[in-house]
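**Q**
Protein chains: 2
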Amino acid sequence: MNTERASGAPTLEEVARVAGVSLATASRALNGSSRKVNPEYRERVLAAARTLDYSPNLAAQAVAKGGTSTVALVVADISDPYFSSIASGVMRAAEERGLIVTIGSTERRRARETAMVRMFRGQRPRSIILVGSRWAALGSDRELGDELKAYEKAGGRVTMVSQPQLPFRTIDIRNREGAAALAGQLIKHGYRSAAILTGPGDLNTARERAEGFAAAFAEHGHPIDDRWLVTGDFTRDGGFLAAAELRRRGLGEVELIFAVNDIMAGGAMAYLRSAGVRLPEDVAVAGFDDIYSLRDITPALTTVSLPLELIGRRAIECALDDEQNGDTRVPIYGVPVLRESSPLIVRA
Amino acid sequence: MNTERASGAPTLEEVARVAGVSLATASRALNGSSRKVNPEYRERVLAAARTLDYSPNLAAQAVAKGGTSTVALVVADISDPYFSSIASGVMRAAEERGLIVTIGSTERRRARETAMVRMFRGQRPRSIILVGSRWAALGSDRELGDELKAYEKAGGRVTMVSQPQLPFRTIDIRNREGAAALAGQLIKHGYRSAAILTGPGDLNTARERAEGFAAAFAEHGHPIDDRWLVTGDFTRDGGFLAAAELRRRGLGEVELIFAVNDIMAGGAMAYLRSAGVRLPEDVAVAGFDDIYSLRDITPALTTVSLPLELIGRRAIECALDDEQNGDTRVPIYGVPVLRESSPLIVRA
DNA sequence: CTGTTAGCGCCTTCAG
DNA sequence: CTGAAGGCGCTAACAG
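From first to last, the protein sequence lines stand for chains A and B. The working numbering puts the first sequence at residues 60 to 407. The working numbering puts the second sequence at residues 60 to 407.
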């Protein structure tokens, strides 16, 4: 007759007992789809649940019904505003659907990505969403792809936000087009010579943006010499150092510096300023992403605006709502936004 | 003799069958603590698991052993760098211990906080970590407290990062002391009159910072008139608008503007600049938090530096490692960092 | 509608 | 060291 439990949460069975009904009835009253249970009983069950502070064991439910309402999200670095904004979108959309989101951050290390997927697979999430640039090296995605395929074979849905290199639904951020569009605008504003601060060569996002930008300049008759192409980390400090290297190479003729993301642009601006370069008088600067918390740097940064939150929403929509085949591509186009960091050039 | 499954992941039983051993043996080989199983069998099981792409069902494990290795994290807004930095610390520390982190964002709405805890309770996480300012209104924490108490009674561990208002372990960010220390430094630098841009009056973090700052100025003989105390949202736009309001009140005599967080300070600076106010020549500015992505705004922002990532680590350490009673307080002190936005004042 | 009875996938005594 | 059996908390047919 001992109703107490040394520890551990109260179970449905206890609730049923206290309410004086069967386990099944309690279950139906608490979760089972809509009104199919006597109002009186229902009330008694609810009351019992309340006094016992009952909370349904989601894990048990998952086992019983053979499925969860969880979504796993894998990002490269949650403290980076780019990823946290996307994560925000994912979480909002998920919550609207009553889904729980579990997040993992790979710290930008390739191996962790696969390991993380493996671990998350055990959760049997409805969907695994992977956001972050792919790497160029052929076959480097092999392991990850296998893991993901296994997950899909078991009924899971994979969604990626990156380059469509793997055979899964992917939110395809058109970096090349965005960078080209930005370059086009800049050229219209009078720019003829530009330098590019790019990320690690095997990081596709960095490469695509750099190439798209360079191609557009070349097409308009202003090819960018390799000398003006500097590589650095995809981070703030990477931008800082790359700017330093660029200056070392001499940036006398450079009218504009395009950093492949806003954070790098910010770092570059910090370096330039510290080196006595006036912005934007001596040289213009542009970035990519349109990160919200960088909106107030001075001069206001010209960039390619990406609907980060929306991308997050799309990711879960894409993963859940459709009957799309596993190879859907949802393109996302960025919009160039010219601000004070790249003033109109008036030539004599 | 059908080994296929229409869908759904392979189970331990299938692995066992393929390996030609019992369920128990397979279980032990795959998870059971250390070597207690014949190497040959173990190999066979591992091989079977591999060819089947087996992934242990965490939910089932949780039900069977009556516990999970999950940690739930509730933040006010994951896209805010303040929270995402703390989240980053939590996740790093969690991963080191093989824990899975599930995150929820309340969108800064009080009611969602309680709802979220209720939902997370069902996951039976080892710990629930709540990060975000408490509200002042007496009894407003009642519901949340009840929910949390119920969770604790069932064996869970609650950790808060906020004001120690509730009877749970809490990482106590000493806002008052931090703001006072900043004020002290500023006074040493020659500042005598300051204005404060604060957040909603019932948001304790905002209130504590404003009060700590004001108190320090008053103690040094430079009380801050209510006229120089402007309230706004705890966001970038809040800072922008508050700065506008402040200017409307006339900021002729104000030497320094203290915004209760960096984001607001950034917004304020944007407004001031747009209004033709020179920074820091016409007025100095200071913030609080030392947000990384704001490090490159101009002029470099004076602020109180908080070890955000570390706070995240502490939170999970505090929640997991100790035998502390449920009422531990871990104080965290911020360090004032004076930068270009608040130059030394030399008086005639 | 309600209660009874099987499982869900896995762990864990408990004999062998 | 191995296998059989019971149980974790809950849901889902199935009969009443």
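Here a beta-carbon is modelled for each residue, glycine too, at the ideal position from N, C-alpha and C. All figures in this text were calculated on a predicted structure; none of them were measured in a lab.
Quick one: residues in its chain with C-beta nearer than 8 Å to the C-beta of A:A253, no 5 flanking neighbours on either side, listed in chain order?
**A** A242, L245, F272, F276, H281, I283, W287, V313, E314, L315, I316 and F317
**Q** If the cut is a Cβ gap below 9 Å, which residues of chain B does A:L158 touch?
**A** Those within 9 Å of A:L158 in chain B number zero; the least Cβ separation is about 10 Å.
**Q** May I have the straight-line CA-CA distance separating A:G298 from A:S186, to the nearest angstrom?
**A** 35 Å
**Q** If we define contact as Cβ-Cβ less than 8 Å, is B:D112 a contact residue for chain A?
**A** yes
**Q** Could you tell me whether any Cβ in chain A is nearer than 8 Å to the Cβ of B:E63?
**A** Model confidence at B:E63 stands at a pLDDT of 42, short of 50, so the residue's coordinates are unreliable and nothing is read from them.
**Q** Any beta carbon of chain A sitting closer than 8 Å to that of B:D349?
**A** No, because no Cβ of chain A sits closer than 8 Å to the Cβ of B:D349.
**Q** Could you list the residues in the segment 115-145 of chain A with a C-beta less than 7 Å from some C-beta on chain B, going in chain order?
**A** P115, N116, L117, A118, A119, A121, V122, G125, T127, I137, S138, P140, S143 and S144
**Q** Run through DSSP, which three-state label would B:E63 get?
**A** Its pLDDT being 42, under 50, B:E63 is placed unreliably in this model, and the value from its coordinates should be taken loosely. Coil at B:E63, not helix or strand.
**Q** Are the CB atoms of A:T127 and B:V160 nearer to each other than 8 Å?
**A** no
**Q** To which residues of the same chain is B:N234 closer than 7 Å at the C-beta, ignoring the five residues directly before and after it?
**A** Excluding sequence neighbours, B:N234 sits near T264, E267, R268 and G271.
**Q** Between A:A107 and the rest of its own chain, which residues show a CB-CB distance below 6 Å, the 5 nearest in sequence each way excluded?
**A** So the qualifying residues of the chain are V74, V77 and A78.
**Q** Looking only at C-alpha atoms, which of A:A152, A:G191, A:T387 and A:S147 sits nearest to A:T165?
**A** Distance check between A:T165 and each of A:A152, A:G191, A:T387 and A:S147 places A:G191 closest, using alpha-carbon atoms only.
**Q** Tell me the residue span of the alpha helix (DSSP H) that contains A:R101.
**A** Element bounds for A:R101: P98 to L111.
**Q** When the Cα atoms are used, what is the spatial distance from B:R251 to B:L331?
**A** 20 Å
**Q** Are there 16 or more other CB atoms within 10 angstroms of the CB of A:E72, so buried, or fewer, so exposed?
**A** Burial call: exposed.
**Q** Within a Cβ cutoff of 6 Å, which residues of the same chain sit near A:A301, ignoring the five residues on either side of it in sequence?
**A** L256, V289 and G291
**Q** Quick one, which residues of the segment 326-346 of chain B are near chain A if we go by CB-CB under 8 Å, in chain order?
**A** G326, M328, A329 and R332
**Q** B:E102 to B:L89, Cα distance in whole Å?
**A** 10 Å
**Q** For B:V133, report the span of its beta strand (DSSP E) as first-last.
**A** T129 to V134
**Q** Considering only C-alpha positions, which residue in the set A:R307, A:A374 and A:R406 is nearest to A:S221?
**A** The residue with the shortest Cα to Cα distance from A:S221 is A:A374.
**Q** Three or more C-beta pairs closer than 8 Å, one from the segment 192-211 of chain B and one from the segment 171-180 of chain B: is that the case here?
**A** yes
**Q** Quick one: measure Cβ to Cβ for A:L353 and A:G325, integer angstroms, because I've assumed they're closer than 8 Å.
**A** 6 Å
**Q** Specify the secondary structure class of A:T357 as computed by DSSP and reduced to three states.
**A** coil
**Q** Mind pulling the chain A residues with CB within less than 8 Å of B:Q182?
**A** L117, A118 and I159
**Q** Any Cβ of chain B within less than 8 Å of the Cβ of A:R185?
**A** no
**Q** In terms of residues, what are the limits of the beta strand (DSSP E) holding A:P390?
**A** R388 to I391
**Q** Taking only heavy atoms of the ligand ATP into account, decide whether any of them is closer than 7 Å to the Cβ of B:D261.
**A** With respect to the ligand ATP, the structure offers nothing, as it holds no ligand at all.
**Q** Would B:A170 count as contacting chain A if we go by Cβ distances under 8 Å?
**A** no
**Q** Which residues in the same chain as B:P395 place their Cβ atom closer than 6 Å to its Cβ, once the five residues preceding and following it in sequence are excluded?
**A** A240, L241, Q244 and V363
**Q** Does any C-beta atom of chain A lie closer than 8 Å to the C-beta of B:A85?
**A** no
**Q** Enumerate, from N- to C-terminal direction, the unbroken alpha helix (DSSP H) stretches of 4 or more residues contained entirely within the segment 223-283 of chain B.
**A** 234-247 and 263-278
**Q** So B:S147 contacts chain A; which residues on that side make the cut at Cβ distance below 8 Å?
**A** D136, I137, S138 and S164
**Q** For B:E236, which residues in the same chain have their Cβ closer than 7 Å to its Cβ, ignoring the five residues on either side in sequence?
**A** G271 and Y392
**Q** Got a sec? Which residues, its chain only, sit under 6 Å from B:V133 by beta carbon, not counting five neighbours each side?
**A** G163, M175 and L189
**Q** For B:R183, collect the residues of the same chain with a Cβ closer than 6 Å to its Cβ; drop the 5 residues on either side in sequence, then sort them by chain order.
**A** T127
**Q** If you measure between the beta carbons of A:S147 and A:E368, is that distance less than 8 Å?
**A** Yes, they are a contact pair.
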